[in-house]
Every structure is written in C-alpha cells, then in structure tokens.
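Numbering (the numbering used here), first residue to last: 3 to 150. Just so it is clear, CB atoms sit at the ideal spot from N, CA and C, and this is done for glycine as well. Working notes, structure below.
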Amino acid sequence: MKPISKFEAVIHCKCPRCRQGDIFSGKMYALSFKGQTTNEYCPHCNLRFEREPGYFYVSMFVSYAMSCAEMISASVGAYILGLALVYDNLWYYVGILLGIVLVLTPVNYRYSRVILLHWLTPGLGYVPGSGDSDPQGIADPHGLAEKV
Ligand SMILES: [Zn+2]
3 MKPISKFEAV
13 IHCKCPRCRQ
23 GDIFSGKMYA
33 LSFKGQTTNE
43 YCPHCNLRFE
53 REPGYFYVSM
63 FVSYAMSCAE
73 MISASVGAYI
83 LGLALVYDNL
93 WYYVGILLGI
103 VLVLTPVNYR
113 YSRVILLHWL
123 TPGLGYVPGS
133 GDSDPQGIAD
143 PHGLAEKV
C-alpha cells in the first residue's frame, strides 16, 4: 500500500505511526454521543493512542488555541463584511462567536487530539510498514502485545 503524507494523515485522522488506522470511530457530526469515540488502539498497528493516563487533557490547550483562532477570524470576517464595531452590535458579535464555537466543537475535539498525537508528542513518529504483517517486528519488537 502506498504511504500517505503526514498532511493527509492529519486531515483524515489517521494513526501517527502507521498512517493507516483510524484514530476515531464514528462520524464527526453524529447525532449520538458515540459519534466522537477515540479508539483505544490503532486498528492497524495496535498503537495505544492514550499514551498515559490523562494524556488527552493536553488537547484541551490545543482546542482552546483553535477556538481563539476561530473566534478572532469570525470577528474579523464579520467586521470586513460590514458589521460595524459599535456597542449596538455587541450581541450580534456574541451570537456569531458562540455560533462558530458551537458548530466547530466536533472539529476542535478531533483535530486537537490529532495535532497532539502527530506534532506535540515526542518520540511518536511514522514507522513505514508498521502493522503490515509486521515482517521486521517493528510494531511489537519483543512480541509482548496481546492478541485479541
Ligand atoms: Zn497505527
């Protein structure tokens, strides 16, 4: 199988090690609470996504930065489109910002974890061929992984 680039792996929420297994199961905008489930292990190379207990708490900071960037962009966009920056328009701005944040919450949730896994975790990089019948024993060099 042809390897995909890191950018494609991030866009499609793929595992940072094999770039083939999905990090999430379900759809991004599902109407059930199970729509945004992070897989515990990569279905392709068996990498454990939650590196340590509480690992994904760090993604809150990434999500916060993403939300700030989205709100600033929405505010500037509303101003450029003609919404004057006066006190009478305050609630329009508040409505726009809350709407943007609510609509993009699933995106922020997913991509904050993906960014954390792909770019902010030291020692976790792409290993070509990991999980592909594992001819070199890359995914489990000591043979300790449990077979489910
Ligand atoms: Zn993987």
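*Which of the three DSSP states, helix, strand or coil, is assigned to residue 123?*
As a position in the sequence shown, residue 123 is number 121, starting the count at 1. Residue 123: coil per DSSP, three-state reduction.
_As a quick exercise: from 128, 45, 109, 122, pick the residue whose alpha carbon is nearest that of residue 31._
For this step, residue 31 is matched to residue 29 along the sequence shown. 109 is the residue among 128, 45, 109, 122 whose C-alpha sits nearest the C-alpha of residue 31.
*Name the residue from 65, 61, 64, 96 whose alpha carbon lies nearest to the alpha carbon of residue 78.*
The count along the sequence shown starts at 1 and reaches residue 78 at position 76. Residue 78 has its Cα closest to that of 96, out of 65, 61, 64, 96.
_Near ligand 1: residue 50 beta-carbon under 8 Å from a heavy atom_ = Along the sequence shown, read from residue 1 onward, the residue named residue 50 stands at position 48. No, since every heavy atom of ligand 1 falls outside the 8 Å radius drawn around the Cβ of residue 50.
*asked:* Just verifying my parser: in three-state terms, what is the DSSP assignment at residue 43?
replied: Here residue 43 corresponds to residue number 41 of the sequence shown, with the count starting at 1. Residue state, collapsed to three classes: strand.
*Helix, strand or coil: which one does DSSP assign to residue 36?*
In the sequence shown, the residue the question calls residue 36 occupies position 34. For residue 36, the secondary structure class from DSSP, reduced to helix, strand or coil, is helix.
*Taking all protein chains shown into account, do 16 or more other C-beta atoms lie within 10 angstroms of the C-beta of residue 118, making it buried, or fewer, making it exposed?*
For the purposes of this step, residue 118 is taken as residue 116 along the sequence shown, with counting starting at 1. With 16 or more Cβ atoms within 10 Å of its Cβ, residue 118 is classed as buried.
_DSSP three-state assignment for residue 27, whether helix, strand or coil_ = As a working note, residue 27 is residue 25 in the sequence shown. Residue state for residue 27 is assigned as strand, using DSSP reduced to three classes.
*Taking 9 Å as the cut-off, decide whether the C-beta atoms of residue 21 and residue 8 are in contact.*
The sequence position of residue 21 within the sequence shown is 19, counting from 1. The sequence position of residue 8 within the sequence shown is 6, counting from 1. Against a cut-off of 9 Å, the Cβ pair of residue 8 and residue 21 comes out as a contact.
_DSSP-derived helix/strand/coil call for residue 50_ = Counting from one through the sequence shown, the residue named residue 50 turns up at place 48. In this structure, residue 50 counts as strand in the three-state DSSP scheme.
*Roughly how many whole angstroms lie between the Cα atoms of residue 26 and residue 16?*
Taking the first residue of the sequence shown as 1, we reach residue 26 at position 24. Taking the first residue of the sequence shown as 1, we reach residue 16 at position 14. Near 8 Å, if we compare the C-alpha coordinates of residue 16 and residue 26.
_Less than 9 Å between the C-beta atoms of residue 126 and residue 53, yes or no?_
As a first step, residue 126 is located in the sequence shown; it is residue number 124 there, counting from the start. As a first step, residue 53 is located in the sequence shown; it is residue number 51 there, counting from the start. Cβ distance < 9 Å, so residue 126 and residue 53 count as in contact.
*Going by Cα to Cα distance, which pick from 123, 6, 43, 111 is closest to residue 62?*
What you label residue 62 is simply residue 60 of the sequence shown in a count that begins at 1. With distances taken between Cα atoms, residue 62 lies closest to 111.
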